[in-house]
Amino acid sequence: MDDKKIVFSGIQPSGNLTLGNYLGAIKNWVSLQEDYHCIYAMMDMHTITVRQTPAELRRRTLEILALYLACGIDAENNIMFIQSHNPAHAELAWVLNCYTYMGELQRMTQFKDKSSRHAENINAGLFTYPVLMAADILLYQADYVPVGKDQMQHIEICRDVAQRFNAIYGDVFTIPEGLLPKVGANIMSLQNPVKKMSKSDPNPKAYISMMDDMNVIAKKIKSAVTDSEGVIEYREGDDTKAGINNLLSIMSAVTGRSIDDVVKDYAGKGYGDFKGDVAEAVVECIRPIRAEYDRIIADKAYLTEICQKGAESARRISERTLKKVYKKVGFVV
Ligand code: AQP
């Protein structure tokens, strides 16, 4: 084994992936694959914290894998697998549940947000979601977890639980670090730009889906909510500027140019010109990914083979951690 560090991340197939998922997570994953051992999963177990249509969940799980590949994740050199194909995730989550405090989980922003959106179904799984996420990461002794900003709070709780466990039993878990992309860590809703862009937003105009037609993408960006000031300027923390800030971040992330550079191009220009250019840049970013996706999704046998191979590797790696944990807590192994 070489001394490359380990990267773990995943996305839940709870809807079609958005531009936020791409810029906040997958784009970063692609850039890490040269230098690290990367493990990228389709987190289906997390999705059932909210009701799903079973046939859709099954379909979307493979679609997400096809999208990972289309975005440039190399199947030969990385492990990709479906979370539920490795029972160790549920097994370690149970143990970690017994080392996580209710008070810690009650503070989680995502729990508060999702329980207010799904008031009819505030289930225990939704509450303990961060514990399952901690198990996902700690099983593989991951050093780094590339995520968007919304997930940093869950990385913190994962670190706390791992440190607590290590303090009792010795160095069982590697303490992981969250990795945010330089730009694109927090892409906001196009209709309510103080809220993050989410794939499960009931209003499809609020997000760009990686599956949207190119003309739909352009339309959604052109109708993004902005302000009436008419000045293209980035003002961090100013909610009245949230729409323009968001479009500037998107433009910067898809073109690789700094926000300052982009702002200079639009001195004295109007929102119409700017939105038109952002729309074009996003379309040019997504178009080749879509073409590749359409090719890959047609080959179900190939996708199934990747999942099977990935699950075998994932099970092999995680078994070592789980055995160690079981031994430490006193289970007969
Ligand atoms: N708007 C965003 N900007 C930047 N990064 C984002 N991510 C999600 N939304 C944005 C990052 O994408 C990865 C996958 O997230 P996930 O699907 O596991 O869960 P999520 O964070 O809850 O994403 P969604 O799209 O909001 O899903 P739903 O609507 O089902 O809750 C993570 O790295 C996340 O940070």
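Numbered as in my numbering, the sequence shown ends at 335 without a single skipped number.
Every residue gets a Cβ at the ideal spot worked out from N, C-alpha and C, and that includes glycine.
Bear in mind the structure is a predicted one, so any value in this text is a computation, not a measurement.
Could you give the distance in angstroms between the alpha-carbon of residue i and the alpha-carbon of residue j?
i, j, result
"I291", "A72", "5 angstroms"
"A316", "L192", "37 angstroms"
"Y142", "S254", "33 angstroms"
"P148", "Q35", "11 angstroms"
"G272", "V233", "7 angstroms"
"G105", "S16", "27 angstroms"
"E294", "I170", "48 angstroms"
"I84", "T63", "8 angstroms"
"M82", "G278", "37 angstroms"
"N205", "K326", "46 angstroms"
"Y304", "Y268", "46 angstroms"
"N79", "H39", "8 angstroms"
"K6", "I319", "15 angstroms"
"V9", "Y146", "5 angstroms"
"Y209", "S200", "7 angstroms"
"I223", "W96", "43 angstroms"
"E321", "M110", "29 angstroms"
"S230", "G245", "11 angstroms"
"A126", "M154", "21 angstroms"
"L134", "H91", "7 angstroms"
"D203", "Q14", "14 angstroms"
Mind checking who residue i pairs with in its DSSP beta bridge?
i, result
"I319", "According to DSSP, I319 bridges with nothing at all."
"Y70", "Note: Y70 sits in no beta bridge, so no partner."
"M47", "BP columns for M47 are empty, so no partner."
"T20", "S211"
"L181", "P148"
"C40", "V9"
"K243", "Answer is none; K243 lacks a bridge partner."
"K224", "For K224, which the question treats as bridged, DSSP gives no partner whatsoever."
"K198", "M190"
Got a sec, what are the start and stop residues for the beta strand (DSSP E) residue i sits in?
i, result
"M190", "Run containing M190: none; DSSP gives neither H nor E here."
"M82", "I81 to I84"
For the alpha helix (DSSP H) containing residue i, name the first residue and the last one.
i, result
"F167", "M154 to Y171"
"N205", "Element bounds for N205: n/a, residue is neither H nor E."
"L94", "A90 to N99"
"S230", "That residue, S230, is in no alpha helix (DSSP H); it is neither H nor E in DSSP."
"L34", "K29 to L34"
Runs of alpha helix (DSSP H) lying entirely within the segment 103-141, each at least 4 residues, in chain order = Those alpha helix (DSSP H) runs which fall completely within the segment 103-141 and span 4+ residues are 104-108, 111-119 and 126-140.
Complete alpha helix (DSSP H) runs within the segment 261-311 (minimum length 4 residues, chain order) = Runs of the alpha helix (DSSP H) inside the segment 261-311: 261-267 and 273-299.
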